[in-house]
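K.L.:
Below: one structure in structure tokens.
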Amino acid sequence: MIDNAEETRKYTTKQVADILNIDKSTLLRWIRQGKIPDVSHRDGRNWRVWLTEDVARAKEYHDQIHSLTLNLTFSENPGDNQ
């Protein structure tokens, strides 16, 4: 039997933050503020266990924020601030 490792991969909160190139506290704040759903799996210590689909949701939100920031940055006209 071949197991799809990508499908069953598990990550810590720190690993997900590193993947997204953000601080762990930012990721936890997004959960606390309801920007992304909390993970549905916890380990024996009650720490979050991020599955591939949880990481994908966090990345989707991260990419939306990044895209919005870039759009705002490039749409500003430097001459308007005179």
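Using my numbering, read the sequence shown as starting at 180 and increasing by one per residue.
Idealized CB from N, CA, C, for every residue including glycine.
Model, not experiment: these values are computed from the prediction.
1) Helix, strand or coil: how does DSSP classify W229 here?
2) So, at 8 Å on beta carbons, what are the nonlocal neighbours of W209 in its own chain, with the 5 sequence-adjacent residues on each side left out?
3) What does a CB cutoff of less than 8 Å around D202 pick up in its chain, not counting 5 residues either side in sequence?
4) Give me the Cα-Cα distance between N200 and K189, rounded to the nearest whole angstrom.
5) Does the Cβ of I181 have 16 or more other Cβ atoms within 10 Å, making it buried, or fewer, making it exposed?
6) Would DSSP call K214 helix, strand or coil?
7) To the nearest whole angstrom, what separates the beta carbons of D233 and V218, a pair I think is in contact under 8 Å?
P.N.:
A quick look at the data gives this:
1) Translated into positions along the sequence shown, residue 229 becomes position 50. Three-state result, W229: strand.
2) Here residue 209 corresponds to residue number 30 of the sequence shown, with the count starting at 1. Residues of the same chain with a CB within less than 8 Å of the CB of W209, apart from the 5 flanking positions on each side, are I215, A237, Y240 in chain order.
3) Here residue 202 refers to the residue found at position 23 when the sequence shown is read from its first residue. Cβ neighbours of D202 beyond the five flanking positions: A196.
4) In the sequence shown, residue 200 corresponds to position 21, counting from 1. In the sequence shown, residue 189 corresponds to position 10, counting from 1. For N200 and K189, the distance between alpha carbons rounds to 18 Å.
5) What you label residue 181 is simply residue 2 of the sequence shown in a count that begins at 1. Reliability fails at I181, whose pLDDT of 43 lies under 50, so the model's placement of it is uncertain and the value that follows must be treated cautiously. Looking at its Cβ environment, which holds fewer than 16 other Cβ atoms inside 10 Å, I181 is exposed.
6) On the sequence shown, residue 214 is found 35 positions in, with the first residue counted as 1. Coil at K214, not helix or strand.
7) On the sequence shown, position 54 is the one that residue 233 refers to. On the sequence shown, position 39 is the one that residue 218 refers to. About 5 Å; that satisfies the 8 Å criterion.
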